[in-house]
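*Asks:* Chains as they are written, first to last, in full-length UniProt numbering: chain A, 1 to 316; chain B, 1 to 304. Glycine is no exception: its CB is placed at the ideal position from the N, C-alpha and C atoms. If you're wondering where the values come from, they're calculated on a predicted model, not measured in any experiment. Sharing a structure with you now.
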């Protein structure tokens, strides 16, 4: 177990290093370099030289990378030059809100996907299985913003029961107070996830149904309901934890679209606005933080997986 | 040695016609399973219809799609012979859907194929050589996967002005990761097969192993994944358009049409929203249906 954890931890460190390299390379891909991006098109050559010297951009690339990482460790992600605020501060306000949206949607999606996948597996090859499979495909094929648009047209215009705009609060508590405003963003994002998860649940349950322990349980005369719930479902749920870790980048992408769609004040909206205004410090800061969150998240799910499933520990 | 490779290579692999002749029943069975799959057939029919609509359509239904005509803007369906009305710039909606379909399909196909090609070679090399080469190459894919595709796409599209070629390149640049990992998995098991080891003992090099043995044997996985890649690429094009990063007008793709329609949600101009939205859903679903059907067909072939 310890060996597995150490190895996995070192791997995550290497990946984190590479993520920082990717963002560093993107920083240098900016048209005219970071100086031009920050001083704008009106910056004179003298100003650019001064800026480059002051910020150390005239040093060698490895030195610059070293300085970049050193700044990261002090929490310095640069300053937004549209919002006049350090990127770190902006993220501190926005990240919890994105996490709230992601956690609520994922929870809702899991609650819908588990019975759906189970039903499909039990009714395998029957009309209801085909209908649900086709529906899951259509849902998967629908861009999240089209889904959100349909939701807005249906539930904010035709039958006006929910607001089309997400709540605008400073804190999570304020967001939760305006719960009806959260409904459309959360449901939209959850639907996008359900399409992926229910297909996974269906095949995981089908795989488990052919296992020997199911035959043993049947031979012992257990009811099929008991076999499904006590044995098959429990075993199919373990890899779902890993799946959540694996889908973290997809979840963040989904949050980006849903937040821009419903004007939800999270990290995705911050990022979207930054893209519209070419606010590169924000764009790269958010990209880096999302990358780090994904690496840490998948490390945690792998550890969780090892704790839940003894077979992984012994193999490693 | 070649025969060993050919019998496991699917009949669709280019340069393996002799294999197709040697095992006609295998080819027929694969085809049978595919055509027996109703969803897969639906996918093929849908795709053919959408291709005909986008490429043959403009020849039969000629409309002005370059110059705007504001006097004809936002007409509702049926007005002045415009079947689905007109856009906010006065373009005929049906004609616009045809032209936009060409862009969406071309970017999707090109990006999907490019990503598959690069990812396959990358994964085959990584898996075949193994050891530290594999470890290093896979950590690179891990790092690239850690940054969500949408974020990377937006940053790159904000740096470079999108054209058709740029969109194809940047979508392929985030999409090659999944075929790379899949093929690497296959290569890891294929490298230890007897025929690969025999070839190595006879002095065959790494390039020969990768291109003559690993890639042809993983072709089933590659083709299936490619159809999913094309579907995802078309979705990415639409997402980029929604985020405001599409090819500038008068060019259009289904995603940019849909995003343009969002502005008019409050006005009830449904014809600006649903036709392009449904077109995206149909084409992405079609590729997914086909991919799923192909996967089942190839699996039967492996179980033979």
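1) Can you give, in chain order, each stretch of the alpha helix (DSSP H) that sits fully within the region 160-206 of chain A and has at least 4 residues?
2) Would you tell me roughly how many angstroms separate the C-alpha atoms of residue 232 (chain A) and residue 178 (chain B), rounded to the nearest one?
3) Out of curiosity, what's the CA-to-CA distance linking residue 308 (chain A) and residue 238 (chain A)?
4) Please state the DSSP three-state secondary structure of residue 35 (chain B).
5) Just the chain A side, please: which residues come within less than 7 Å of residue 265 (chain B) by C-beta, in chain order?
6) Should residue 87 (chain B) and residue 260 (chain B) be called a contact, given that it needs their Cβ atoms to be closer than 8 Å?
7) Just the chain B side, please: which residues come within less than 7 Å of residue 49 (chain A) by C-beta, in chain order?
8) Rounded to the nearest angstrom, what separates residue 46 (chain B) and residue 106 (chain B) at their Cα positions?
9) Considering residue 306 (chain A), what are the terminal residues of the alpha helix (DSSP H) in which it resides?
10) Check whether the Cβ of residue 162 (chain A) lies closer than 8 Å to any Cβ atom in chain B.
11) Can you find a CB in chain B that lies within less than 8 Å of the CB of residue 196 (chain A)?
12) Helix, strand or coil for residue 242 (chain A)? Go by DSSP, reduced to three states.
13) Over the uninterrupted alpha helix (DSSP H) stretch that includes residue 261 (chain B), give me the two end residues.
14) Does DSSP put residue 86 (chain B) in a helix, a strand or coil?
15) Drop a sphere of 10 angstroms on the beta-carbon of residue 271 (chain A), count the other beta-carbons inside from all chains shown, and report buried for 16 or more, exposed for fewer.
16) Exposed or buried, what is residue 219 (chain A) when buried is set at 16 or more other beta-carbons lying within 10 Å of its beta-carbon?
17) For residue 301 (chain A) versus residue 245 (chain A), is the C-beta distance shorter than 8 Å?
18) Check residue 45 (chain A) in the structure and name its three-state DSSP category.
19) Classify residue 290 (chain B): buried if its beta carbon has 16 or more other beta carbons within 10 angstroms, exposed otherwise.
20) Please check the pair residue 18 (chain A) and residue 193 (chain B), which I expect to be a contact at CB under 8 Å, by giving their CB distance rounded to whole angstroms.
21) Please list the partners that residue 276 (chain A) has in chain B, where partner means a Cβ-to-Cβ separation under 7 Å.
22) Answer with yes or no whether the minimum CB distance from residue 46 (chain B) to chain A is below 8 Å.
23) Classify residue 52 (chain B) as buried or exposed, calling it buried when 16 or more other Cβ atoms lie within 10 Å of its own Cβ.
24) For the alpha helix (DSSP H) containing residue 272 (chain A), name the first residue and the last one.
25) 8 Å is my cut-off, CB to CB: does residue 134 (chain A) come that close to chain B?
*Replies:* So, from the listed chains and residues:
1) Runs found: 172-177.
2) Distance from the CA atom of residue 232 (chain A) to the CA atom of residue 178 (chain B), rounded to whole angstroms, is 29 Å.
3) Residue 308 (chain A) and residue 238 (chain A) have their C-alpha atoms some 7 Å from each other.
4) If DSSP states are grouped into helix, strand and coil, residue 35 (chain B) belongs with the helices.
5) Ordered by position in chain A, the residues that pass the 7 Å Cβ test against residue 265 (chain B) are 149, 152 and 153.
6) It is a contact, given that the beta carbons lie within the stated cut-off.
7) Against chain B, a Cβ distance below 7 Å from residue 49 (chain A) picks out nothing, because the smallest value is about 23 Å.
8) It is roughly 16 Å from the alpha-carbon of residue 46 (chain B) to the alpha-carbon of residue 106 (chain B).
9) Element bounds for residue 306 (chain A): 280-308.
10) With 8 Å as the cut-off, residue 162 (chain A) does not count as an interface residue toward chain B.
11) Contact with chain B is absent for residue 196 (chain A), since none of that chain's Cβ atoms lies less than 8 Å from the residue's Cβ.
12) For residue 242 (chain A), the three-state secondary structure derived from DSSP is helix.
13) Taken as a continuous stretch (DSSP letters only), the alpha helix (DSSP H) holding residue 261 (chain B) covers 254-262.
14) Residue 86 (chain B): strand per DSSP, three-state reduction.
15) Buried, because 16 or more other Cβ atoms sit within 10 Å of the Cβ of residue 271 (chain A).
16) With fewer than 16 Cβ atoms within 10 Å of its Cβ, residue 219 (chain A) is classed as exposed.
17) Yes. Within cutoff.
18) Helix at residue 45 (chain A).
19) Buried, because 16 or more other Cβ atoms sit within 10 Å of the Cβ of residue 290 (chain B).
20) Here residue 18 (chain A) is actually not in contact with residue 193 (chain B); their C-beta atoms are around 32 Å apart, not less than 8 Å.
21) Within chain B, 244 have C-beta atoms less than 7 Å from the C-beta of residue 276 (chain A), given in sequence order.
22) With its beta carbon at least 8 Å from every one in chain A, residue 46 (chain B) lies outside the interface.
23) When all chains shown are included, residue 52 (chain B) counts as exposed.
24) The continuous alpha helix (DSSP H) containing residue 272 (chain A) extends over residues 267-276.
25) Residue 134 (chain A) counts as touching chain B.
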